[in-house]
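In terms of this note's numbering, the sequence shown is residues 162 to 529.
Even for Gly, the Cβ is constructed at its ideal location relative to N, Cα and C.
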Amino acid sequence: MTRRFVLSPVGTSILTNTARLIKADVQKIIHNSNVKSESDISADDLSVLRRVIEEAENKLKDADSATAAKMSAELNGIIKIYGGTLPHQGDFHLLLCTDTWLGEVTAKIVEDWLKGKGIIAEVRRQKDLRTDDLSSFQVALADIVRFCEETVEGYRKDGYRVIFNLTGGFKSVQGFLQTLALFYADETFYVFESSEELLRIPRLPVRMDPENIVCEHLPVFRRLSLGLQVDREEIKKLPETFLLQIDNEYTLSEWGELVWQRTRDSIYRKRVFPPPSDRIVYSQSFTKSIQGLSPDRLIQINKKIDDLIRYLETGQHVQSLDFKKLRGDELLPSTHEIDAWHDQDAKRIYGHFEKDKFVLDKLDKKLG
162 MTRRFVLSPV GTSILTNTAR LIKADVQKII HNSNVKSESD ISADDLSVLR
212 RVIEEAENKL KDADSATAAK MSAELNGIIK IYGGTLPHQG DFHLLLCTDT
262 WLGEVTAKIV EDWLKGKGII AEVRRQKDLR TDDLSSFQVA LADIVRFCEE
312 TVEGYRKDGY RVIFNLTGGF KSVQGFLQTL ALFYADETFY VFESSEELLR
362 IPRLPVRMDP ENIVCEHLPV FRRLSLGLQV DREEIKKLPE TFLLQIDNEY
412 TLSEWGELVW QRTRDSIYRK RVFPPPSDRI VYSQSFTKSI QGLSPDRLIQ
462 INKKIDDLIR YLETGQHVQS LDFKKLRGDE LLPSTHEIDA WHDQDAKRIY
512 GHFEKDKFVL DKLDKKLG
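Next comes the structure, spelled out in structure tokens:
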């Protein structure tokens with residue numbers, strides 16, 4: 162049977178439902194729903210919240226599926242995905258919570274119940290995902306796009322069926338994930354609050370085709386995706402919906418990040434593009450050494466050049482780049498090397514510094 166990767170945003174329904182049950186002040190939960198750390202909550206509020214949390218943990222600990230579904234919107238959806246029969250071996254559940262104390266506490270309660278039923282589950286506390294700061298919220302959404310492209314797509318390639326369970330979580334997060342589901346989910350599930358029935362939406366034949374826009378402004382997209390500065394005049398040429406301005410700095414918005422992640426590899430597979438930085442120079446020997454590469458290797462080279470640019474301009478070292486000085490002088494003028502790829506024939510890119518510029522000399526086999 163096909164394994165499933167189930168992504169479930171987690172809200173605080175289990176706490177609000179428990180608070181109503183024990184007649185605690187629900188407003189204490191709502192008021193503190195965006196507080197990042199337990200230490201930032203007043204003593205009076207914390208006393209109430211701890212009582213609610215303890216009660217929720219105790220009630221859910223040994224709860225059957227019917228009771229769990231009544232207590233938690235997220236578990237209600239998950240249980241109905243399985244038709245009420247748990248567990249299903251090999252499935253993986255990712256519980257996405259806000260960057261808040263209550264968000265993580267709630268997700269951990271849900272995680273513990275799932276693990277108690279033999280289901281593999283993990284909490285992802287999404288950095289900056291809070292609904293009280295729009296800029297931080299948008300940065301978090303862009304990071305969720307990267308997570309979906311790098312991780313969720315990886316599960317699909319490994320044969321998992323990707324399901325977005327949107328029965329819980331905050332409405333603002335649900336709305337964004339509903340859009341992402343068009344591109345990353347094989348199917349999406351909702352449960353009507355007034356009904357016991359599960360609404361299933363299969364993957365729709367939606368195709369995003371903004372490649373021409375990205376190609377036209379490729380250096381800008383590359384630099385923004387790397388968190389590097391871009392000339393303001395070049396920024397103005399991009400559609401506003403692709404940009405997020407924080408103070409006086411620009412980055413890709415959640416939609417810009419989605420467009421970039423969905424088009425990058427299809428562009429990079431065509432050829433090795435000029436570097437979007439004057440800190441890197443291609444020598445004639447390097448250009449000659451990359452001729453005839455297969456599309457998947459061209460993607461690798463372009464990505465390594467991106468990593469190298471980020472390192473040269475910011476000092477941020479990506480471990481997979483493996484930038485290091487050569488021992489000896491047998492490859493002069495090359496004095497340094499980076500990893501191109503380590504599978505198949507394991508190639509390296511060799512180069513040397515000329516003042517503040519790094520010259521790529523050639524793509525060649527790994528030494529020794």
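Residue i - partner residues in DSSP beta bridges
i	result
Trp502	Lys508
Leu327	None, per the DSSP bridge assignment.
Leu168	Leu255 and Phe325
Leu114	Because residue 114 is not part of the residues shown, which for the chain are 162 to 529, the question remains open.
His478	DSSP lists no partner for His478.
Leu413	Leu404
Thr349	Phe325 and Ile362
Arg285	Leu257
Phe434	Looking at the DSSP assignment, Phe434 forms no beta bridge with any residue, so it has no partner.
Test item: CB-CB of residue i and residue j under 9 Å
i	j	result
Tyr316	Phe166	yes
Leu404	Gly417	yes
Pro450	Val520	According to the sequence displayed, residue 450 carries Ser and not Pro. Cβ distance not < 9 Å, so Ser450 and Val520 don't count as in contact.
Phe253	Arg384	no
Leu524	Leu487	no
Ile242	Arg212	no
Val375	Arg307	no
Ala282	Leu255	yes
Ile270	Leu221	yes
Leu565	Leu275	Examination of residue 565 is not possible in this model, given that the chain is present from 162 through 529 alone.
Proximal residues to residue i (C-beta, below 6 Å), its chain only, five neighbours per side dropped
i	result
Gly456	A small correction: the amino acid at residue 456 is Pro; Gly does not occupy that position in the sequence shown. Arg430.
Ala234	Ser174, Thr328 and Gly329
Thr179	Val213, Glu216 and Ala217
Gly238	Asn326, Thr328, Phe350 and Val352
Close beta carbons around residue i, own chain, < 8 Å, minus the five adjacent residues each side
i	result
Ile407	Ser296 and Val300
Phe298	Asp289, Leu290, Arg291, Thr292 and Ser333
Asp360	Asp is not the amino acid found at residue 360; the sequence shown has Leu there. Cβ neighbours of Leu360 beyond the five flanking positions: Phe350, Tyr351, Val352 and Phe353.
Arg286	Cys258, Thr259, Asp260, Gly264, Glu265 and Ala268
Leu207	Glu199
Nonlocal neighbours in the same chain, by C-beta distance under 7 Å from residue i, ignoring five residues either side
i	result
Val209	Ala185, Asp186 and Lys189
Pro380	Pro437
Gln422	Val306, Arg307 and Glu310
Chain C within 9 Å of residue i, Cβ atoms only
i	result
Cys309	Among the protein chains of the structure shown there is no chain C, as only one such chain exists.
- Could you tell me which uninterrupted alpha helix (DSSP H) segments, each at least 4 residues in length, are contained entirely in the segment 361–409, listed from first to last along the chain? 372–377, 379–386 and 393–396
- Going along the chain, which unbroken runs of the alpha helix (DSSP H) with 4 or more residues stay wholly within the segment 208–245? 226–232 and 234–242
- Message: For the segment 431–442 against the segment 470–482, do three or more pairs of beta-carbon atoms, one drawn from each stretch, fall closer than 8 Å, so that the two count as touching?
- Response: yes
- Item | At least three beta-carbon pairs within less than 8 Å, the segment 453–469 to the segment 496–509 | yes
- Ranges of the alpha helix (DSSP H) found wholly within the segment 442–471, counting only runs of at least 4: 445–450
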